[in-house]
Every structure is written in structure tokens, then in C-alpha cells.
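Novice: Attaching a single structure in C-alpha cells format; questions to follow.
Residue numbers (our numbering): 16 to 1035.
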């Protein structure tokens, strides 16, 4: 075939087989030269060399061609033609090649050629050929590219898919290739194209060689065409139309990118895909698309239509194919597979029943989709892909992330539901991934069956590895077992995994379990409410777990961090805090950390874990190698790094802050709930001070001062503190408390034994009794029998309402089997105990300041039923027998707490049991007075009376009862008659607020005084 005529005569394209590139898809050179699909006058200055083999003599240049080439032949070659191809070609047998005698003496050029190949017989095209030991080599058969330097062959671009560049297996396969070479003095770039835009992409393979020796050596060279197989079949590799041009020879796309429309209701696949005449299916739109297009999909169900063919490109760098739901989450598909969908974006679809699989694609995106009720939400497997802004709901496994350099960010994963196998939010393998800004929550323990739920999981017994991974800025809460379950003990080839700026909340087991992983960096995270451990390193023999633990906050995280087995890690600049004031960390165990200091989060209950400006975590961290926090704020913002996921942002205004203390060290308790509130940690900017603290308790009451104490009735109460500095600037903080109603206020253990050994106080204490525990009928009902045989004793699991109290009452009925019986009948280890002696009873209470004992002897010596009561009011211990006081001793301080000990009843600490009966066992969190003891002794719950009188109006009482339990709270609201205003409360209640809460700690009489709105004028 004549390719290009001499002296600018016409270009003639004769064979339909060659329409693959030059005829069907126009080619443009970087210079003014252009090639058209019809005969066109052209100017040839950038044509360096060419060969069309039409003259049949490769040793002589064709005089009819500008830049005609000459070749040396090696092995069995000849020129000729074949039936399926009309032009003369160079035909090669096994091992044969031709080598150009001309060298391309340019640093930038393109070699294009046609190859006619039967059965994908192995062939090579060498460019920049220096000698047999130095050249670049491309295989049209496989699409592979090599550099051979000093006789050593090295494949380039091994990681690049070859499906679009390799020659398809046909008989024959006729393809037009271009190899672009550019040495810019810093690197050698080689880019290869097959058939122009036939597969929707020009130049499918690009490799950059930065080897300095190669850059210095390869600056142009000769061209070699070779058949490299060892077969015996004749002439299965053939070449034609070799063209060498300066610059880069590029094809022109057939059209500019546009929009294609799909509508299930209005569309038809015979239409042209316009907005007025849309396609009916996504499949047809994909078939018609070009890189850079946008496919817009109307509402409807489209089934399983998002699939991609392997023999073409859909998107390209800078020309992304976007498939977008016109109305977010209104177009529904049943799963999707983005395999071969390189540079494709799937945006805004509802996806159900099947997983969304990214299929190993390159630079694909899945954004803004709603994925639900599927086994695996997203299989994010690919290279340089992105998964962002998706909402995943009711899936078994949220996402598996694998491949290279995947970015997974700002997704919400809610409510894992177990179907089979295991359930996790994320599993990750591969390298270079960033998983950030994701929110994982809503999983319910009853919905995950046998699954072990982890926030993040990786393992290597499947042959995978995890390397160079960054997991940052994620938030996980609600039910899960471990924030990270990472194991690398099988191959021990996973390393360099960084967790930073994450929040792990409410783990049912560990925050992070690091098993045989190397170089795991745990930086600036928050671990809050870990049931078992914070961060643990462990590894088998010879495979140590290694890493660092820096700048983290461990808040109620048990033992915080540790190493067991074979492990090695460095730790410093962490903050360790337990909100239980009775559980402190030993500084000597964590010498490089801050221990037992509240980090002062802005609102723990509201998940606002920003640091208050007075936090001890501020500027207390160590400088690390990243520059932002959980919210994206710059690190550091002060003189040093802050500890935890947030970097504080200080301002010039005060910042109010509320801390509190109560018996449960929490925000939920039973009415009446006594809470001491503290505003002294409120922040005033440098040079200023807080001058006032004003409180609204959220129950109609207000107060002032830095540290008020308030008793809350049942209900939800939002406490509000407003502070004012000496410049008049104000700030307000809130804290919410939930106060549960109590049928028996202040009563936290009540064992009447009418229903075996069940607590009937309404506070749900856990009572542990054995199968052989015995009960006996009495004149008043049933009692529990204790002896040293089988019915040895019972116990009540620890509760914060049963020790650590300011006050306490322990009361019970008991009947000895013999007069001389002496035994401990109730004790909480060394915290408190009550015993019966031969002629009386005794007790001991251990407070935070002292230990005191009390006894009453020679007060009884029989086997009758008696009522015993011990009260402690914060200043005295009083002993009552049958409602009468028999002893009193001074004592002060809060009762100690030991959360590891149960309340044991009927048996002493050494295992000896009381011989007798017990009944009506009660523990109150306050000291009952003598009248109350007598009520209790009689088994009465009648309580106290409330009398209310209003003059010139009326008072509503809530709840309205004949009698109220000791400690019960009652709301009173006065309603003045017309023409009157409320003045004040009188009697057992004072104040001028029309709404008040009264605590029933005795019989009460209350009056509401109202006065005329307009006092009468003077009489004239």
C-alpha cells in the first residue's frame, strides 16, 4: 500500500482493514500536520521516516516516499501479501526480525505501525534501540513494555492493566499502534496506543522511567520489528505502514463530551439519548457513551444494568464518565459492578439487594449513594478510587477496602445486621489507602447474632497484607466489639498502619487489638467507654506487634494501653481519666502521661469531644507528622500539640463549663437526685476573670454561685449556667440530667422475700442466691433461712447506690435460732457491716476520713423477732433496736466505695453463716429518723402527709396522694384568684416562685399567700 507520496502528493488509504485508526479516527500531530479520513493534501515536515513495503525491497529506500526507510533482515523474512490483507507487508517467521538502518535522533518522537498477527503470536517492537543489550521493547501481543539496559530486561508499568492495549486474539488481528517516546532530561516517558479511539481512548499505556542511567543513555535510536516465538507456523507475525514523526501523534475524538439521558417511563433504546428522547436503559447509555459524558438517570427501577465491557474505555483522566441519578436516591439499581469502569463516577443512586463492587477499576468513584439490605455494602477494590458521601444501612459488612490508594471518606454506616459469617464496618487490605471522616453507628447487639463486630478489621491468613494505611477522623459508637481487630501472624507482612484523630466510643471489648502487626501508630485518638481495654499489642514468638501510642485520650478505657506476649511499643503524652472518682490510675505505671485529670470535653453526653479552653490536654502533646485535627483545624494552634482528636480553638470570650458530682458519677439517677454542680472550671480569657455564676436548674428553680447543690425531681432537666466576666461578656453552658421516677424514693434495696430473693425496691438490684436457698413461712409472710449447711447466704451485686454515700440506713428483721447466736449478717467487705451478738448488735462503717464501730449490748437475749437499724447521717452513726435508739457515735466523711465487692447477707467474710431467719431487708441512701424507723419496723409504706392551703387562689399538687414516701418530691404550682398576685410560700416551704418542688422528708404543711393586684387607695 502506498502510504505517503513524495513532494506532498496525496495520501491514499486503500484497505478497509486499515480503517481501524487512520480511516475511522482522524489523527493529529502536535505540529500543523494533520491526517484526515479521506484523501487530503498534507505538509510533511514532521514526517521523519516511513515505510509501506510496497516496493518489495527493504534494503533500498522507496523513492516514492519522503523519508523512506531501509532495513537489515535477520532470519526468515519476506515481503508479500496475504488473502485477508490487500497491501504488501513484511512477513516474519519465528525468530526473525528487521532492524532500521536509520536512527531517530530526537528526544521526542512517535513510531506508528500496523501489525497483522495470527493467534496472538509473540512479537516485539523495539524503539530507541542502541544495540542488542540496550533498547525499549513493546509487545503488541500482551501490551507489556520493557527496558533492556546492559542486557538486563525490566518490565515497566507492571501494575497497569493491559486489556485495552494488547492485541485481541483473531485470525488475523489487524491493529494500528503508536509508540510515543519522550526524554525530557529528567525521565523517559513511553506512551502506547492501539487503534486510536476505536476503544474510546487514545494512548492506553503510559510509563515513566526515571532511571538516571536510562535517561542519560536513551535519546533516540533505531527501530526493530521482531517475531520472538519459537513456533514453526509460517508468517504469523507481519508488519506494515511504519511511520516515524516528530512530537506526539494524537487522534482526534469523534465528538465533544455531552449529556445522555435515561428514563424508564419515557425512554426507548432506539432513541438518541437526548433529554427530549432519552434511552430506556442505563445499558444503552453506557454503550453510547464517550469519556467525559454525563449520563443522567430519571427516577425508577433499573435492575442490574450497571456493567462495563472489557474491550473499551468509559472514562479517562480529565474526562470522567459520570452516571448520575437526576434526583438523589430516586433511581434504584440492584447492585453494580464497576469492573472495567475506569474513571467512572456513580452518583446518587439507591442500591439494594446486591453489593456495589468496584471490581478492581482505576480511579472510579462511588458518591452520594444509598445502599441498604445487602451482604457487603461496597467492595471498594481498585486503584486510586474514591468512595465518599454514601449512606449504608442494614448491611452485614459495611465496606471492604482493597487494592492501592483508595480514598474512603465521609460515609455513614448504620446498623449492621448479621446474615452469615461475620459482620464488620470496615475490612481493609492492600496499601496506600486513606479511610477518613466516616461515621459508624446504630448496630444493635440482638441483630448481629454470632458475629464479632469490629470497626476496622484486617488479617493476612487470606494471603493479603495491609501497608501504608491511614485511618483518620472516623467516629464509631453504639454496639461493636473492637475498634480495630488487626492480625498479621500468618505471613507477618503487614506494617505502617496509622490511626489518628479517631473517636472510638462504647466498645464492648477493646479499642484496638494489634496482633502481630508492625509499626502501628496510634496518634491523637479518643477511646471512651471501653468495656475491656483501650489499646493492646500482642504477638506470637518471633512476630512481635510493634508501634507507638502518642497524644491519645483514654476516658473510662479500663487499663488504657498495654503490651502482652511478644510486643514492643513506645508511648507518651497520653491523658488517662476515669469518671468514676473511686477508680484512679497510678502515675508510676504511666510515667510519661497525664493521669487522673478530666480532659474537660465540651459535652460528653452530646458527643461533643472538643476541649474546653481550660483542658489539661491543651499544648500537652508531642509534635507529630500531620497537620490537622478531627474537624480539619490546623495543628498546632497554640504553643504545642493538644492531646486527643481535637485541637482547641481559643477566643477572646469566656467559655462556661459545668462539672458535677453525685453518687453514681453520672447524669442519670433516681428521684430525688442530689447533684453538686460546679462552674469553677469556666474559662476567662487572659487578663480577665469570671465575676458571676447564674444557674437555671431546669425544674423551675434557679441559683447562683460557683458550686451549688440541688435536688432534682423526676424528669429530664437541662441545667444552664451563664457566666459573666469582668468585661461584661457572657457564655452559657448546658448539661442534661435524666431523673427516673421512684415508687420508693431513697430506697435502693428491698428484700421482703415474698418472691424468693428478688429486689422489689424498683431499682433493679441483682440478687444472687443458690438453688438450695431456703425460705420459711412466718406470721407475716415469708422469711429467708440461713444456716451453715446449704442455705449459707445470698449477695447483692455492687451498685453505686449501695456505697460511696453521704448517708445510709441499713434495716432488717432477724430471729436467732438460739440465744447465744452471734454472727455478721450484712456486710460489704470492709466498707460497712452489721452483726448480731449474743445480747445485742453492732456495726462498723468505713468512711474516706475514718473508721468507726458502734455496738449495743445487753439489749436482748432471746430468740424472738427483732428489728435492727443502723443509720449514718454524715456526722453520727445511730443504732436502733425495735424502733428505739440504743447507741450513737460520732463519725464523719463520705462512705468509702469498693466496686469490686458485693453486699453479702447471712454470711461473714470468712464463710460462717448466721443461724436464723431474716426478713424485710432495706438499704436507703439517707439516714432515716426515728419516726421513719418505726414506720419501716412495722413494714409500712404509708409515708408522710402534705397539707396545702391557699388564700385567694388555689394550688395544684403533682402527684396528688394521701401519703408520700420518704424523700419523694412533689411539685406545687399556685394559681392566684382574679385580681390577686402570688406573694410567697409560708409554713414548711419558703420562696416567692409560683412553682416549687418540696421534698417529703416528714409531714408538711404549706400555705400560699396571695395579695390584691392593685391595693386600695386612701379614703378621702
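No residue lacks a Cβ here, since even glycine has one placed at the ideal position from N, Cα and C.
Do you know offhand how far residue 210's Cα is from residue 103's?
Specialist: For the purposes of this step, residue 210 is identified with residue 195 of the chain shown, where counting begins at 1. For the purposes of this step, residue 103 is identified with residue 88 of the chain shown, where counting begins at 1. So the alpha carbons of these two residues sit roughly 20 Å apart.
Novice: So what does DSSP say about residue 678, is it helix, strand or coil?
Specialist: Counted from its first residue, the chain shown places residue 678 at position 663. Residue 678: coil per DSSP, three-state reduction.
Novice: Ignore the nearest five residues each way along the sequence and tell me which others in residue 711's own chain have a CB closer than 6 Å to its CB.
Specialist: Locating residue 711 in the chain shown gives position 696, where the first residue counts as 1. 717 and 735, listed in sequence order.
Novice: Would residue 1024 be called buried (16 or more neighbouring beta carbons within 10 Å of its own) or exposed?
Specialist: The sequence position of residue 1024 within the chain shown is 1009, counting from 1. Flag for residue 1024 reads buried.
Novice: Do you know offhand how far residue 807's Cα is from residue 799's?
Specialist: The residue given as residue 807 occupies position 792 in the chain shown. The residue given as residue 799 occupies position 784 in the chain shown. Near 11 Å, if we compare the C-alpha coordinates of residue 799 and residue 807.
Novice: Give a yes or no on whether the C-beta atoms belonging to residue 455 and residue 491 are separated by under 7 Å.
Specialist: Here the question's residue 455 lines up with position 440 in the chain shown. Here the question's residue 491 lines up with position 476 in the chain shown. It is a contact, given that the beta carbons lie within the stated cut-off.
Novice: Helix, strand or coil: which one does DSSP assign to residue 409?
Specialist: In the chain shown, the residue the question calls residue 409 occupies position 394. Three-state DSSP puts residue 409 in a strand.
Novice: Inspect the beta-carbon positions of residue 131 and residue 226 and report whether they are closer than 7 Å.
Specialist: On the chain shown, residue 131 is found 116 positions in, with the first residue counted as 1. On the chain shown, residue 226 is found 211 positions in, with the first residue counted as 1. It is not a contact, given that the beta carbons lie outside the stated cut-off.
Novice: Of the residues 311, 121 and 339, which one's Cα is nearest the Cα of residue 233?
Specialist: Taking the chain shown and counting its residues from 1, the one referred to as residue 233 is at position 218. If we check each option's Cα against that of residue 233, 121 comes out closest.
Novice: State yes or no: is the C-beta of residue 275 nearer than 6 Å to some heavy atom of the ligand ZN?
Specialist: What this structure holds is no ligand at all, so the ligand ZN is not there to describe.
Novice: Which full runs of the alpha helix (DSSP H) of 4+ residues lie inside the stretch 940 to 1022, going along the chain?
Specialist: Qualifying alpha helix (DSSP H) stretches, in chain order: 945 to 952.
Novice: Should residue 5 go down as buried or exposed, given a rule of 16 or more other Cβ atoms within 10 Å for buried?
Specialist: Residue 5 falls outside the range modelled here, since the chain spans only 16 to 1035, and no answer is possible.
Novice: Three or more beta-carbon pairs under 8 Å between the stretch 700 to 711 and the stretch 681 to 690, yes or no?
Specialist: Counting Cβ pairs under 8 Å, fewer than three are found: no touch.
Novice: Could you tell me the boundaries of the alpha helix (DSSP H) in which residue 649 lies?
Specialist: One-based indexing of the chain shown puts residue 649 at position 634. Taken as a continuous stretch (DSSP letters only), residue 649 belongs to no alpha helix (DSSP H), as it is neither H nor E.
Novice: How many angstroms separate the CA atom of residue 68 from the CA atom of residue 286?
Specialist: To locate residue 68, count along the chain shown from 1; it is residue 53. To locate residue 286, count along the chain shown from 1; it is residue 271. Between residue 68 and residue 286, the C-alpha separation is close to 46 Å.
Novice: In three-state terms, what does DSSP make of residue 1084?
Specialist: Lying before the first or after the last residue shown, residue 1084 is absent from the chain, which here runs from 16 to 1035.
Novice: Identify, in the order they occur along the chain, each residue of the same chain with its Cβ nearer than 7 Å to the Cβ of residue 324, setting aside the five sequence neighbours on each side.
Specialist: Locating residue 324 in the chain shown gives position 309, where the first residue counts as 1. For residue 324, where only same-chain residues beyond five positions count, the Cβ hits under 7 Å are 355.
Novice: Looking at the structure shown, is residue 4 part of a helix, part of a strand, or coil, going by DSSP?
Specialist: For the chain, the structure presents residues 16 to 1035; residue 4 sits outside this window and is missing.
Novice: Out of 216, 166 and 204, state which residue places its alpha-carbon closest to the alpha-carbon of residue 180.
Specialist: On the chain shown, residue 180 is found 165 positions in, with the first residue counted as 1. Cα-wise, what sits closest to residue 180 is 216.
Novice: Which whole runs of the beta strand (DSSP E) in the stretch 181 to 268 are 3 residues long or more, in chain order?
Specialist: Counting whole runs of 3 or more residues, the stretch 181 to 268 contains the beta strand (DSSP E) stretches 188 to 198, 203 to 209, 220 to 224, 237 to 242, 252 to 261 and 264 to 266.
Novice: If I'm right that residue 367 touches residue 387 with Cβ under 8 Å, what's the distance once you round it to whole angstroms?
Specialist: Indexing the chain shown from 1 puts residue 367 at position 352. Indexing the chain shown from 1 puts residue 387 at position 372. Going by Cβ atoms, the distance from residue 367 to residue 387 rounds to 6 Å, so yes, they are a contact pair.
Novice: Along the chain, which unbroken stretches of the beta strand (DSSP E) at least 3 residues long are found entirely within the stretch 440 to 473?
Specialist: Whole beta strand (DSSP E) segments, 3+ residues: 449 to 451, 454 to 456 and 469 to 473.
Novice: Below 7 Å CB to CB, which residues in the same chain sit around residue 118 once its five sequence neighbours on both sides are set aside?
Specialist: Sequence index remark: in the chain shown, residue 118 carries index 103 (1-based). Contacts found: 235, 236 and 237.
Novice: What residue from 608, 625, 606 and 621 has the CA that sits closest to residue 615's CA?
Specialist: Taking the chain shown and counting its residues from 1, one reaches residue 615 at position 600. Nearest C-alpha to residue 615: 625.
Novice: From what residue to what residue does the alpha helix (DSSP H) around residue 299 run?
Specialist: Position 284 of the chain shown holds residue 299. 297 to 303 is the extent of the alpha helix (DSSP H) around residue 299.
Novice: Per DSSP, what kind of secondary structure is residue 603 in: helix, strand or coil?
Specialist: Start at 1 with the first residue of the chain shown, and residue 603 comes out as number 588. In this structure, residue 603 counts as helix in the three-state DSSP scheme.
Novice: Are at least three pairs of beta-carbons, each pair with one atom in the stretch 150 to 162 and one in the stretch 258 to 268, less than 8 Å apart?
Specialist: Output reads no: the stretch 258 to 268 does not touch the stretch 150 to 162.
Novice: Helix, strand or coil for residue 865? Go by DSSP, reduced to three states.
Specialist: As a first step, residue 865 must be located in the chain shown, where it is residue number 850. In this structure, residue 865 counts as coil in the three-state DSSP scheme.
Novice: Specify the secondary structure class of residue 930 as computed by DSSP and reduced to three states.
Specialist: Here residue 930 refers to the residue found at position 915 of the chain shown. If DSSP states are grouped into helix, strand and coil, residue 930 belongs with coil.
Novice: Buried or exposed, going by whether 16 or more other CB atoms sit within 10 Å of the CB of residue 453?
Specialist: Within the chain shown, residue 453 is the residue found at index 438, counting from 1. Classification of residue 453: buried, given that the 10 Å Cβ count is 16 or more.
Novice: With DSSP as the reference, label residue 658 as helix, strand or coil.
Specialist: Here the question's residue 658 lines up with position 643 in the chain shown. Reduced to three states, the DSSP call for residue 658 is coil.
Novice: In the DSSP output, what is residue 840 paired with across the bridge?
Specialist: For the purposes of this step, residue 840 is taken as residue 825 along the chain shown, with counting starting at 1. BP columns for residue 840 are empty, so no partner.
Novice: DSSP has residue 501 in a bridge; who is on the other side?
Specialist: Here residue 501 corresponds to residue number 486 of the chain shown, with the count starting at 1. Its beta-bridge partners are 473 and 529.
Novice: Taking residue 550 as the reference, give the member of 557, 556, 541 and 696 with the closest Cα.
Specialist: Here residue 550 refers to the residue found at position 535 when the chain shown is read from its first residue. It is 541.
Novice: If we ignore side chains and look at the alpha-carbon of each, how far apart do residue 444 and residue 417 end up?
Specialist: Locating residue 444 in the chain shown gives position 429, counting from the first residue. Locating residue 417 in the chain shown gives position 402, counting from the first residue. The straight-line gap from Cα to Cα measures roughly 5 Å.
Novice: Work out the CA separation of residue 133 and residue 185 for me, nearest whole Å.
Specialist: Taking the first residue of the chain shown as 1, we reach residue 185 at position 170. Taking the first residue of the chain shown as 1, we reach residue 133 at position 118. C-alpha separation (whole angstroms): 6 Å.
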